[in-house]
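Have a look at the structure below before the remarks.
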Amino acid sequence: MKREIIITADGSSTIHIPEWNEQYHSKHGAIQEAYHVFIKHGLHHLCHSEQFTEQSRSVDLELSILEIGFGTGLNAIITLLEAEKLQTNINYIGVEGYPISSKEITQLNYTSELKTEISTFHKLHEVKWEKKHKISRYFSLTKQKKFFNEIEDENMFDLIYFDAFGARVQPELWTESIFQKMHNALKEKGVLVTYSAKGSVRRAMQSVGFTVEKLPGPPGKREMLRGTKHSANI
19 MKREIIITAD GSSTIHIPEW NEQYHSKHGA IQEAYHVFIK HGLHHLCHSE QFTEQSRSVD
79 LELSILEIGF GTGLNAIITL LEAEKLQTNI NYIGVEGYPI SSKEITQLNY TSELKTEIST
139 FHKLHEVKWE KKHKISRYFS LTKQKKFFNE IEDENMFDLI YFDAFGARVQ PELWTESIFQ
199 KMHNALKEKG VLVTYSAKGS VRRAMQSVGF TVEKLPGPPG KREMLRGTKH SANI
């Protein structure tokens with residue numbers, strides 16, 4: 019399918035798919051959406067939680083994050099910058115079935131908008147797939163080229179960024195079976211955040227065991243969802 023680079027409302031770029039009338043990020047602001055959904059209500063929420071406070075006493079603490087839809091690398095570069103600010107080790111796994119091209123990478127303006135080194139952003143895309151790479155002092159990345167229904171991890175992640183294309187164009191990515199895989203992949207008290215607030219998505223998450231919260235959404239969206247994994251006896 020044809021893909022084109024567009025500029026969103028906050029000045030940051032994203033990739034638009036005309037055939038679907040769908041973007042990789044919100045047209046109301048790609049960077050704003052990433053910070054609001056995944057950093058504020060995901061990473062920062064987790065870092066301020068009780069279990070993180072207890073674990074942070076250990077110098078070996080490492081947070082494991084799974085991103086569903088590595089895409090442009092926007093969520094990854096922002097998380098890298100936050101890891102440096104928080105001085106927290108993050109092991110980041112980005113799953114992507116259809117990696118973007120080198121030409122598209124050079125057309126994205128995230129480094130200028132985020133005031134960060136272009137070489138760091140390019141490194142996220144240039145490192146080999148299926149291997150763990152140390153990108154910065156606090157951030158390690160493993161890119162996995164596979165489809166979301168192939169994920170079979172169990173009790174591995176503290177946080178999931180669920181950033182798949184919307185249910186309007188890819189409803190198969192927002193089903194109970196996919197969210198069961200997400201629930202399995204999380205550790206106890208692990209968290210999943212997504213920009214979606216559809217009732218069908220909320221019900222699918224709840225049906226596999228998530229405790230689901232509706233939260234204020236990013237610009238252009240009224241609400242978003244956050245799910246937490248709890249054991250059956252809680």
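Position 164, counted from 1, in the sequence shown is what our numbering calls 182; the numbers after and before it change by one each time, with no gaps. Backbone N, C-alpha and C fix where the C-beta goes; we use that ideal spot for every residue, glycine too.
Please go through the same chain and pick out, in chain order, the residues whose beta-carbon is closer than 6 Å to the beta-carbon of residue i, but skip the five residues on each side of it.
{"i": "W38", "result": "V187"}
{"i": "Q105", "result": "none"}
{"i": "M223", "result": "F197, V230 and G245"}
{"i": "G87", "result": "D181 and A182"}
{"i": "S31", "result": "I23, I25, L126 and N127"}
{"i": "R21", "result": "I33 and I35"}
Between residue i and the rest of its own chain, which residues show a CB-CB distance below 8 Å, the 5 nearest in sequence each way excluded?
{"i": "E102", "result": "S154, R155, Y156 and F157"}
{"i": "L264", "result": "Nothing about residue 264 can be read from this structure; the chain reaches only from 19 to 252."}
Rounding to the nearest angstrom, what Cα-Cα distance links residue i and residue j in this structure?
{"i": "I25", "j": "E68", "result": "39 Å"}
{"i": "L233", "j": "Q125", "result": "33 Å"}
{"i": "N167", "j": "Q41", "result": "22 Å"}
{"i": "E206", "j": "V226", "result": "14 Å"}
{"i": "R75", "j": "K161", "result": "Legend: pLDDT at R75 = 49, less than 50; position of this residue unreliable, value from coordinates given subsequently. Going by the C-alpha atoms only, they are around 29 Å apart."}
{"i": "A185", "j": "I33", "result": "18 Å"}
{"i": "G47", "j": "E241", "result": "15 Å"}
{"i": "H248", "j": "F228", "result": "7 Å"}
{"i": "S218", "j": "Y116", "result": "26 Å"}
{"i": "L61", "j": "S120", "result": "29 Å"}
{"i": "F165", "j": "I108", "result": "23 Å"}
{"i": "G238", "j": "R220", "result": "19 Å"}
{"i": "N202", "j": "D78", "result": "24 Å"}
{"i": "L142", "j": "E194", "result": "31 Å"}
Ends of the alpha helix (DSSP H) at residue i?
{"i": "N127", "result": "No alpha helix (DSSP H) contains N127, which DSSP labels as neither H nor E."}
{"i": "G217", "result": "G217 to S225"}
{"i": "L92", "result": "L92 to L104"}
{"i": "I196", "result": "E194 to A203"}
{"i": "I136", "result": "I136 to E144"}
{"i": "I49", "result": "A48 to A52"}
DSSP puts residue i in a beta bridge; with which residues?
{"i": "M242", "result": "L233"}
{"i": "Y258", "result": "The structure shown does not extend to residue 258, since the chain spans only 19 to 252, so no value can be given for it."}
{"i": "E114", "result": "K163"}
{"i": "K20", "result": "DSSP lists no partner for K20."}
{"i": "S82", "result": "N109"}
Tell me, to the nearest whole angstrom, how far the beta carbon of residue i is from that of residue j; I am working on the premise that it is less than 8 Å.
{"i": "L99", "j": "T129", "result": "11 Å between Cβ atoms; not a contact."}
{"i": "G29", "j": "E131", "result": "6 Å"}
{"i": "F139", "j": "I83", "result": "The pair is not a contact, with the Cβ atoms about 17 Å apart (cut-off 8 Å)."}
{"i": "Y213", "j": "E114", "result": "At roughly 17 Å, the Cβ-Cβ gap does not stay under 8 Å, so Y213 and E114 are not in contact."}
{"i": "Y179", "j": "V211", "result": "6 Å"}
By Cβ distance below 7 Å, which residues in the same chain neighbour residue i in space, the five residues on each side in sequence not counted?
{"i": "K152", "result": "S158"}
Output the boundary residues of the beta strand (DSSP E) element that contains residue i.
{"i": "L61", "result": "Premise fails: L61 is in no beta strand (DSSP E) and is neither H nor E."}
{"i": "H34", "result": "S31 to I35"}
{"i": "Y179", "result": "F175 to F180"}
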